[in-house]
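Residue numbers (the UniProt record's numbering), protein chains in the order written: chain A, 1 to 294; chain B, 1 to 252. From the three backbone atoms N, C-alpha and C, an ideal C-beta is built for every residue, glycine too.
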């Protein structure tokens, strides 16, 4: 066989493999959307779930998913940003930082159900936070922190050293160089990383089953005092999210339209995550343009 | 005798155990251009970077000896690198504009120093860009990204960025080696204008460049200062054999 033919065969094989990946993705998406989209309606998106009768919605679960996401990002982002800045800009390469990096790596490969059980034992039981949004948000932080730290660190290290030298040579302190030049220059890719990890968090179920709980008590959307138990903002209430809802309906749902609700919820979840992905690209690109010309 | 603005005495620098600078004694007069020349690896860039303490960033570097800027010891324990670098600016081999607009690039040092007044900033931008001889080319797109400029324009914006914080000394580390001949001659013209107001120390690989623009030349080899003197005299009539060999292209 001559070099040209073997090259052609190799290229064809690679195309085929790529095609298979795309086909798997498209058929999965197609199946989920085909089954789920007809179920979606304004009523479905806003009404509370019903346990025994048909016609329930996912309003509360949807709200819970977003609220939990925002809370956990509020906890997670500052820590991840700080850790990433330390690791990339300040830390010397020695055994301490090697240990930190290893710890981050191991933490990021922990199965999320283990994170969930750990959160259950520590926050729910030991600290007495109960099944609550707060417990869930902290568990999600554990789950999300390593990846987010890594993404932000990568964004920072993609900024060339010439920029650091330029800043320092201009009489900026190390900290000013980091906060005024390096981080702003990295903002677009940091935002992209944050949104992508938000997508992961949004679809997470296993870590939440034991921490945020599997019940969605009725909420009074007119009550925005976070200390009232029926207020949507109360962080101490149990909160079933959309992903957990899907899991629960399929394992123990007894409403007559369980299958339809499960399909509809799955479609909503997938669409939301797709939106996160597209938004990440769009916002990242726009921000880069905005920042590089004022 | 003109005033010495910067003096180095018995300056040694080690990368780990390797001695890269072997006791340099070199002084700089206020104003004018001094060129540092020598073959690759001779220590001229390393020397330049000791003058604003940029070598501090490299791990495992040991520096002994004395560098004095207007009589102040730059390596004294209480010396503030941030203050030093405001007075001794630097331009690098690769143009490194920040990924912001041209305007923001030039005012960055001033903004960080706390200048808020728009009219002061505007004035500084125009003045610095004019001094760097790039104003006419960029005046209509000050608010576009500096990264969209050509390499030569970027480098002149980088010079303007340094000028905006009004340093006393400007260090340039092979500022034209990444640029085409036209941009190079524009940068050289810029430097010739600036030599009346600033003390300029430039590292260059290009002997013609050194002879075209510098008032004094210092020739480095193997971590030692071989010869320093008036550029014209040195190029026409070098004192040392090594200098003559290098200038006549017999090595390096």
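Could you name the residues of the same chain whose beta carbon sits closer than 8 Å to that of residue 168/A, not counting the 5 residues immediately before and after it, in chain order? Indexing the first chain from 1 puts residue 168/A at position 168. Here the set comprises 174, 177.
Of the listed residues 161/A, 223/A, 284/A, nearest to residue 96/B (C-alpha basis): Locating residue 96/B in the second chain gives position 96, where the first residue counts as 1. Out of 161/A, 223/A, 284/A, 161/A has the C-alpha closest to the C-alpha of residue 96/B.
So, does the CB of residue 61/B fall closer than 9 Å to a CB anywhere in chain A? By 1-based counting over the second chain, the position of residue 61/B is 61. No - not a single Cβ of chain A is within 9 Å of the one on residue 61/B.
For residue 221/B: DSSP bridge partner residues: Walking along the second chain from the start, residue 221/B turns up at place 221. Beta-bridge pairing links residue 221/B to 224/B.
Could you work out which residues of chain B lie near residue 297/A, taking near to mean beta carbons separated by less than 7 Å? There is no way to answer for residue 297/A, as the model of chain A reaches only from 1 to 294.
Please report how far the alpha carbon of residue 20/A lies from the alpha carbon of residue 283/A, in whole angstroms. Position 20 of the first chain, counting from 1, holds the residue named residue 20/A. Position 283 of the first chain, counting from 1, holds the residue named residue 283/A. Taking the straight line joining both Cα atoms gives about 30 Å.
Cβ-based neighbour list, residue 53/A, same chain, cut-off 8 Å, excluding 5 preceding and 5 following: Indexing the first chain from 1 puts residue 53/A at position 53. Excluding positions up to five away in sequence, the list reads 255, 256.
In chain order, what residues of the region 164-179 of chain A put their CB closer than 7 Å to some CB of chain B? The residues in question are 165, 166, 168, 169, 170, 171, 172, 173, 176.
Got a sec? Which residues, its chain only, sit under 8 Å from residue 167/B by beta carbon, not counting five neighbours each side? Stepping through the second chain from its first residue, residue 167/B is reached at position 167. Within the same chain, residue 167/B has close Cβ partners 86, 87, 88, 89, 198.
With three or more beta-carbon pairs closer than 8 Å as the criterion, would you say the region 101-109 of chain A touches the region 140-157 of chain A? yes
Residue 247/A classed as buried or exposed, judged by whether at least 16 other C-beta atoms fall within 10 angstroms: Taking the first chain and counting its residues from 1, the one referred to as residue 247/A is at position 247. So residue 247/A ends up on the buried side.
Chain B within 9 Å of residue 206/A, Cβ atoms only: The residue given as residue 206/A occupies position 206 in the first chain. It does not: the Cβ of residue 206/A has no partner Cβ on chain B nearer than 9 Å.
For the beta strand (DSSP E) containing residue 14/B, name the first residue and the last one. Within the second chain, residue 14/B is the residue found at index 14, counting from 1. Note, residue 14/B: beta strand (DSSP E), 4-15.
Can you check whether the C-beta of residue 223/A is within less than 9 Å of a C-beta belonging to chain B? The count along the first chain starts at 1 and reaches residue 223/A at position 223. Not one chain B Cβ lies under 9 Å of residue 223/A.
Kindly indicate which residue of 69/B, 65/B, 3/B, 145/B has the alpha-carbon position closest to the one of residue 52/B. The residue given as residue 52/B occupies position 52 in the second chain. The shortest Cα separation from residue 52/B among 69/B, 65/B, 3/B, 145/B belongs to 69/B.
Are there 16 or more other CB atoms within 10 angstroms of the CB of residue 208/B, so buried, or fewer, so exposed? For this step, residue 208/B is matched to residue 208 along the second chain. With fewer than 16 other beta carbons inside 10 angstroms of its own, residue 208/B counts as exposed.
By the criterion of Cβ-Cβ separation under 8 Å, what are the contact partners of residue 162/A in chain B? Numbered from its first residue, the first chain carries residue 162/A at position 162. Neighbours of residue 162/A on chain B, chain order: 92, 94, 96.
Helix, strand or coil for residue 53/A per DSSP? Along the first chain, one-based indexing puts residue 53/A at 53. Assignment of residue 53/A by DSSP, reduced to helix, strand and coil, places it in the coil class.
Which listed residue (74/B, 219/B, 202/B, 62/B) has its alpha carbon closest to that of residue 253/B: An answer regarding residue 253/B cannot be provided, because it is not within the stretch 1 to 252 covered by chain B.
Beta strand (DSSP E) containing residue 23/B: first to last residue? Locating residue 23/B in the second chain gives position 23, counting from the first residue. Looking at the DSSP string, the run of the beta strand (DSSP E) that includes residue 23/B is 18-29.
Should residue 91/A be flagged as near chain B, meaning a C-beta pair shorter than 9 Å? On the first chain, residue 91/A is found 91 positions in, with the first residue counted as 1. Chain B contact via Cβ: absent.
Going by the DSSP bridge assignment, what does residue 170/B pair with across the sheet? Counted from its first residue, the second chain places residue 170/B at position 170. The partner list for residue 170/B (beta bridge, DSSP) reads 89/B, 200/B.
Buried or exposed (CB count within 10 angstroms, at least 16 for buried), residue 1/B: Within the second chain, residue 1/B is the residue found at index 1, counting from 1. Residue placement at residue 1/B is flagged as unreliable, the pLDDT there being 48, under the threshold of 50; a coordinate-derived value is accordingly withheld.
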